[in-house]
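For reference, the structure discussed in these notes is given below.
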Amino acid sequence: MTKDIFIGIFVGLIANAIGLFATANFLGNGDDFVTVIKAAAQEGFLGKLISLGAVLNLIAFFIFIKKRQDYRARGVLLITVFIAVFTFVFKLFY
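If you're matching positions, the sequence shown starts at 12 in this note's numbering and goes up one per residue.
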């Protein structure tokens, strides 16, 4: 049970990282990843970029639900909630 939750957390982190990278490349107008992240931080939309990256967690969550791997889906949900809270706190203080 605990192992499955950690697998879900790992999958959620990887899915969010891939989603963030894909979103930054798609919206970055040909700039590299680091430049897009720095520009997003300076212009104040880094939280929105991170939130868009978390969309892939939705896909991972529904795949785990479809396969009846509820504890892995719970791990993905936990990391998604953590990212939402992190984005909220980041937006609140910056």
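All C-beta atoms, glycine included, are put in the ideal place defined by N, C-alpha and C.
These figures come from a predicted structure and were not determined experimentally.
Quiz prompt | Contact check, Ala65 vs Thr91, beta carbons under 7 Å | solution = Walking along the sequence shown from the start, residue 65 turns up at place 54. Walking along the sequence shown from the start, residue 91 turns up at place 80. At a Cβ-Cβ threshold of 7 Å, Ala65 and Thr91 count as neighbours.
Exercise. Would you decide whether Leu67 is buried or exposed? Buried here means 16 or more other CB atoms lie within 10 Å of its CB.
Key: Counted from its first residue, the sequence shown places residue 67 at position 56. It is buried - the Cβ of Leu67 has at least 16 other Cβ atoms within 10 Å.
Practice problem: Could you name each continuous alpha helix (DSSP H) segment of 4 residues or more that falls completely within the segment 19-100, going from the start of the chain to the end? | Solution: Counting only runs of 4 or more, we get 44-54, 57-64, 66-77.
Exercise. Report yes if the C-beta distance between Val47 and Gly39 is below 7 Å; otherwise report no.
Key: On the sequence shown, residue 47 is found 36 positions in, with the first residue counted as 1. On the sequence shown, residue 39 is found 28 positions in, with the first residue counted as 1. Their beta carbons are under 7 Å apart, which means Val47 touches Gly39 by this criterion.
Practice problem: Could you tell me if Ala28 is buried or exposed, where buried requires 16 or more neighbouring beta carbons within 10 angstroms of its beta carbon? | Solution: Reading the sequence shown from its first residue, position 17 is the one you call residue 28. Ala28 is exposed by the Cβ-count criterion.
Quiz item: Within this structure, are the beta carbons of Phe101 and Gly58 separated by less than 7 Å?
Solution: The residue labelled residue 101 in the question sits at position 90 within the sequence shown. The residue labelled residue 58 in the question sits at position 47 within the sequence shown. Yes, Cβ-Cβ distance for Phe101 and Gly58 is below 7 Å.
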